[in-house]
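Novice: Got a structure for you, questions after.
Protein chains: 2
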Amino acid sequence: MTTTGKDVEELWAGGHPVYLGAHVLPMLARWMEFEAPPEQCYVLGDSTTLRQCLPELLTYVPHLQHAEPIEVAPGEPSKSIEVCTAIWGHLSDREAERGALVVNLGGGVVSDLGGFIAGTYKRGIRHVNVPTSLMGMVDASIGGKTGIDAAGIKNLVGLFRDPLGVYVHVPFLRTLGKRELLNGVAEMIKHGLVRSADHYHAVREAPLHDIGVLAPLIHDSVAIKCAVVNDDPHEQSARKLLNFGHTIGHAMEAHSWEGQQRGLLHGEAVAIGMICEAWLSWRQGLLDRGSFDQIEAHLIGLFKGYAFNNDDHHRMLELMRNDKKNAEGGFRFTLLRGIGDAVVNVPLNAAQVGEALDHYRLLVRHHAAHHDPEA
Amino acid sequence: MTTTGKDVEELWAGGHPVYLGAHVLPMLARWMEFEAPPEQCYVLGDSTTLRQCLPELLTYVPHLQHAEPIEVAPGEPSKSIEVCTAIWGHLSDREAERGALVVNLGGGVVSDLGGFIAGTYKRGIRHVNVPTSLMGMVDASIGGKTGIDAAGIKNLVGLFRDPLGVYVHVPFLRTLGKRELLNGVAEMIKHGLVRSADHYHAVREAPLHDIGVLAPLIHDSVAIKCAVVNDDPHEQSARKLLNFGHTIGHAMEAHSWEGQQRGLLHGEAVAIGMICEAWLSWRQGLLDRGSFDQIEAHLIGLFKGYAFNNDDHHRMLELMRNDKKNAEGGFRFTLLRGIGDAVVNVPLNAAQVGEALDHYRLLVRHHAAHHDPEA
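Chains as they are written, first to last, in my numbering: chain A, 3 to 377; chain B, 3 to 377.
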């Protein structure tokens, strides 16, 4: 799986390749003809991706026409032990063997779920990721992290399991609405903020509805993700850079699904997390005020505000306490020293986190009062 | 974790060390003092091992006195997704972090279950295995295989996950009854049959109730297991040697738990599997008749026969069909070419397997008629 024509570029992320370019699907088709018996192939997707993307995949990879689709409901609730158990049983009923192949066709939910199932069925069968969302392409499908939610905690259960390859076919983005595109843009912004000021500014200035303009930026964002994963595949240190915005973001996301408002998408929650954590970076004397103001104005302009009140702080801190990213009882944050430069493992306490939440709440109120015609 | 005093011997199995000798528990104690925060240690055991072995473990490893015991019911039914889910949730409630350590104190069920839970909680926390059964010491705790039963299939779900170390403390065997000891002896016999005629004959002639005599044999059996795992940690080829007796044995074990008789222990089922598969080895012209007769007489004398009838063949073949060890629809067996010499991936069909089951059924009837005073 190393030969690439001029229309396919190969990057490397820890233990697996990522393919980009116009011809990634024909390349997958050629590989499968030799390496994957059609009766042992399964395409895992949600009802949306199987409807919107599977037909296009099949035109490029006719080998999959006899593969059995496995459908889950769209959204985070599919990342459950119950769904895993049903699919493990289904694979067993179909006599899937160790040589079987799972093609994960979808966004982050599908690759998180499918990677976990493939990594644990009969102690591991093969899988490839074919991301269909922007979030999947630039982030979730790359780097071998898989995860299932349990006990109310996002990704409580999972493993590091490399796909055989990630095939980034940008035209699938045509199936996305604006909200889903923005969801992925949040992670591209993060990649810029922690590693490349140039990438940050390029994403900031791009017309996001234009897939032609987006394609080279996706390439750059994937390259940043790959470089960070290569430095530290199992998140011992450097990979924690990618947690910027995620400590508060994960808690915000989980909180939103518990409550009465509509749930936040992962990227929307990370955008809020990035505002809070950029503010903490400034408060800790790491980030200059000008850069912070610039980041905050950008993010609050791009993503809808999330309203909560002081009483919610307690629950959010509780959710944060059970985050995988903490050690020895304290909170450990990835913070910014500048645009394109981050530092990991900064210890902060609950009071400091609470101040950041206060700051965000006031920001949302202020922004709504000045910018939202309905306010 | 590489220094060993003269009273500890270190062997290597794929990705982890195995410690043997009189001082393995003091060695574990010294390591834990430096590397494992007491409030982040958990001892997983079943109600028997926690009662019979934990007090002795605590005298050697006082560091664990404040570790929280996690208790499961003894036996195979604890290797379930429901038990995993409960323990993942429990670890989360206790705010177990990525630096946490799980000490698996028990036999094969405990190390299979605990290794899976540790390997998947927050994408992997650390675990060590302290086997308390002979089966655990010579086989199950070594080599990184973990597994959970699902959809009625043994070890359908699992992963390869190395423990930090395996600490073989032979005196724990004093807590075992004769049936449990024999359960482990079956795997020692298997190690001899597939890799060392000397070991086979030594185990055959040893007085099994004498732990002093057993100790050096345990060492040799562990060394064989380690050597095979080192050749092929992820069971691509050579490690399949260790599957001798297991293709039919697993089906026999699963079948026994579905029915009205008392369920077979793993080693008891493997002993039956070894008779059937030695018979197949002879029928395939691989094993000479004299060696086969010797193996059969030994095993049928040592292990109680399992009665079933012709109608059960269908279900047993069905159970075999979903075994992890098969590929491309056929059965793949590890067979003997001689005592101490095995060959992997021998293709056989259902009719041949059925003949082996017939042979075993007649053997049991014949043996009962001649040897069992109650018959």
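Virtual Cβ for every residue (Gly too), placed ideally from N, Cα, C.
Since the model is a prediction, treat every value here as computed from it, not as a measurement.
1) In terms of residues, what are the limits of the alpha helix (DSSP H) holding Gly269/B?
2) Let me know the secondary structure DSSP gives Thr51/A once reduced to three states.
3) For the stretch 244-259 of chain B against the stretch 271-284 of chain B, are there 3 or more C-beta pairs whose distance is under 8 Å?
4) So with CB distances below 7 Å, who are the chain B contacts of Gly91/A?
5) Work out the CA separation of Arg197/A and Ile302/A for me, nearest whole Å.
6) With a threshold of 8 Å between beta-carbons, can Lys227/B be considered close to chain A, or not?
7) If you measure from the beta carbon of Gly121/A to each beta carbon in chain B, is any gap under 8 Å?
8) Report yes or no: do the stretch 259-270 of chain A and the stretch 291-301 of chain A share at least 3 C-beta pairs separated by less than 8 Å?
9) Which residue wins for smallest C-alpha separation from Ala142/A, given the options Arg323/A, Arg128/A and Asn157/A?
10) What did DSSP end up calling Gly16/A once you bin it into helix, strand or coil?
11) For Gln286/A, collect the residues of the same chain with a Cβ closer than 7 Å to its Cβ; drop the 5 residues on either side in sequence, then sort them by chain order.
12) List the residues that DSSP assigns as beta-bridge partners of His129/B.
13) With H, G and I counted as helix, E and B as strand and the rest as coil, what does DSSP make of Asp290/B?
14) Check the Cβ-Cβ distances between Gln94/A and every residue of chain B, and say whether any is below 8 Å.
15) Listed from N- to C-terminal order along the chain, which residues in the stretch 230-243 of chain B have their beta-carbon within a distance smaller than 7 Å of any beta-carbon of chain A?
16) How about Asn324/B: is its C-beta nearer than 8 Å to some C-beta of chain A?
17) List in chain order: all unbroken alpha helix (DSSP H) runs of 4+ residues lying wholly within the stretch 312-343 of chain A.
18) What residue range is occupied by the uninterrupted beta strand (DSSP E) comprising Asp151/A?
19) With a cut-off of 8 Å, do at least 3 Cβ pairs link the stretch 33-46 of chain A to the stretch 11-25 of chain A?
20) Name the DSSP bridge partner or partners of Leu350/B?
21) Go to Tyr202/A, then tell me how far its alpha helix (DSSP H) extends in each direction, as first and last residue.
22) Where do the ends of the alpha helix (DSSP H) carrying Leu60/B lie?
23) Taking Ser135/B and Gly167/B to be in contact with their CB atoms under 8 Å, please state how far apart those CB atoms are, rounded to whole angstroms.
24) Could you please tell me which residues of the stretch 110-143 of chain B, in chain order, have their CB closer than 7 Å to any CB of chain A?
25) How close, in whole Å, do the beta carbons of Leu46/A and Leu107/A come, if the pair is a contact with beta carbons under 8 Å?
26) Nearest-angstrom Cα distance between Met139/A and Ala229/A?
27) Can you round the beta-carbon distance between Asp95/A and Ala75/A to whole angstroms, since I take them to be within the 8 Å contact cut?
28) For Leu60/B versus Val105/B, is the C-beta spacing smaller than 8 Å?
29) For the alpha helix (DSSP H) containing Lys306/A, list its first residue and its last residue.
30) If the criterion is Cβ atoms closer than 8 Å, does the pair Gly149/B and Val159/B meet it?
31) Would you report the Cα separation of Ser293/B and Val187/B, rounded to the nearest angstrom?
32) Which residue wins for smallest C-alpha separation from Gly16/A, given the options Pro165/A, His92/A, His68/A and Pro64/A?
33) Compare the C-beta of Thr61/A against all C-beta atoms of chain B and say whether one is closer than 8 Å.
34) Which residue from Arg128/B, Gly179/B, Val355/B and Val366/B puts its Cα closest to that of Gly247/B?
35) State the beta-bridge partners of Ile119/B as determined by DSSP.
36) Reducing DSSP to helix, strand and coil, say where Leu22/A ends up.
Specialist: By the coordinates alone:
1) Position 267 of the second sequence, counted from the start, is the residue given in the question as residue 269/B. Gly269/B -> alpha helix (DSSP H) spans His268 to Arg285.
2) Taking the first residue of the first sequence as position 1, residue 51/A is located at position 49. Here Thr51/A carries a helix assignment [DSSP, helix/strand/coil].
3) yes
4) As a working mapping, residue 91/A is identified with position 89 in the first sequence. Per Cβ cutoff of 7 Å: Ala152 and Ala153.
5) Taking the first sequence and counting its residues from 1, the one referred to as residue 302/A is at position 300. Taking the first sequence and counting its residues from 1, the one referred to as residue 197/A is at position 195. Rounded to the nearest whole angstrom, the CA to CA distance from Ile302/A to Arg197/A is 21 Å.
6) Taking the second sequence and counting its residues from 1, one reaches residue 227/B at position 225. With 8 Å as the cut-off, Lys227/B does not count as an interface residue toward chain A.
7) Against the first sequence, residue 121/A aligns to sequence position 119. So, interface residue.
8) no
9) Taking the first residue of the first sequence as position 1, residue 142/A is located at position 140. With distances taken between Cα atoms, Ala142/A lies closest to Asn157/A.
10) By one-based count along the first sequence, residue 16/A stands at place 14. Note: Gly16/A maps to coil in three-state DSSP.
11) Position 284 of the first sequence, counted from the start, is the residue given in the question as residue 286/A. Answer for Gln286/A: Leu337 and Val348, listed in chain order.
12) Taking the first residue of the second sequence as 1, we reach residue 129/B at position 127. Bridge partners of His129/B: Val104/B.
13) Taking the first residue of the second sequence as position 1, residue 290/B is located at position 288. Coil at Asp290/B, not helix or strand.
14) Within the first sequence, numbered from 1, the residue matching residue 94/A stands at position 92. According to the sequence as given, residue 94/A is Ser; it is not Gln. Interface residue, yes.
15) none
16) Here residue 324/B refers to the residue found at position 322 of the second sequence. For Asn324/B, the answer is yes, since a Cβ of chain A falls inside 8 Å of its Cβ.
17) Scanning the stretch 312-343 of chain A for uninterrupted alpha helix (DSSP H) segments of 4 residues or longer gives 315-323, listed from N- to C-terminal end.
18) Within the first sequence, residue 151/A is the residue found at index 149, counting from 1. Asp151/A -> beta strand (DSSP E) spans Ile150 to Ala152.
19) no
20) Translated into positions along the second sequence, residue 350/B becomes position 348. Beta-bridge pairing links Leu350/B to Phe333/B.
21) Residue numbering aside, residue 202/A sits at position 200 when the first sequence is read from its first letter. DSSP places Tyr202/A inside the alpha helix (DSSP H), whose first and last residues are Ala199 to Glu207.
22) In the second sequence, counting from the first residue as 1, residue 60/B sits at position 58. Leu60/B -> alpha helix (DSSP H) spans Leu56 to Tyr62.
23) Counting from 1 along the second sequence, the entry for residue 135/B is found at position 133. Counting from 1 along the second sequence, the entry for residue 167/B is found at position 165. 18 Å between Cβ atoms; not a contact.
24) Gly121, Thr122, Tyr123, Lys124, Arg125 and Gly126
25) In the first sequence, residue 46/A corresponds to position 44, counting from 1. In the first sequence, residue 107/A corresponds to position 105, counting from 1. Here Leu46/A really is in contact with Leu107/A; their C-beta atoms are around 7 Å apart, less than 8 Å.
26) As a working mapping, residue 139/A is identified with position 137 in the first sequence. As a working mapping, residue 229/A is identified with position 227 in the first sequence. If I take the Cα positions, the gap works out to 15 Å.
27) As a first step, residue 95/A must be located in the first sequence, where it is residue number 93. As a first step, residue 75/A must be located in the first sequence, where it is residue number 73. Contact doesn't hold; Cβ gap of about 20 Å is too wide.
28) The count along the second sequence starts at 1 and reaches residue 60/B at position 58. The count along the second sequence starts at 1 and reaches residue 105/B at position 103. No.
29) Position 304 of the first sequence, counting from 1, holds the residue named residue 306/A. No alpha helix (DSSP H) contains Lys306/A, which DSSP labels as neither H nor E.
30) Counting from 1 along the second sequence, the entry for residue 149/B is found at position 147. Counting from 1 along the second sequence, the entry for residue 159/B is found at position 157. Taking 8 Å as the Cβ cut-off, Gly149/B and Val159/B qualify as a contacting pair.
31) Here residue 293/B refers to the residue found at position 291 of the second sequence. Here residue 187/B refers to the residue found at position 185 of the second sequence. When rounded, the distance between both Cα atoms is 19 Å.
32) Here residue 16/A refers to the residue found at position 14 of the first sequence. The option with the nearest alpha carbon to Gly16/A is Pro165/A.
33) Within the first sequence, the letter at position 59 stands for residue 61/A. No, Thr61/A lies away from the interface with chain B (no Cβ there is under 8 Å from its Cβ).
34) Taking the first residue of the second sequence as 1, we reach residue 247/B at position 245. Here the closest residue by C-alpha is Val355/B.
35) For the purposes of this step, residue 119/B is taken as residue 117 along the second sequence, with counting starting at 1. DSSP output for Ile119/B lists no bridge partner at all.
36) Start at 1 with the first residue of the first sequence, and residue 22/A comes out as number 20. Note: Leu22/A maps to strand in three-state DSSP.
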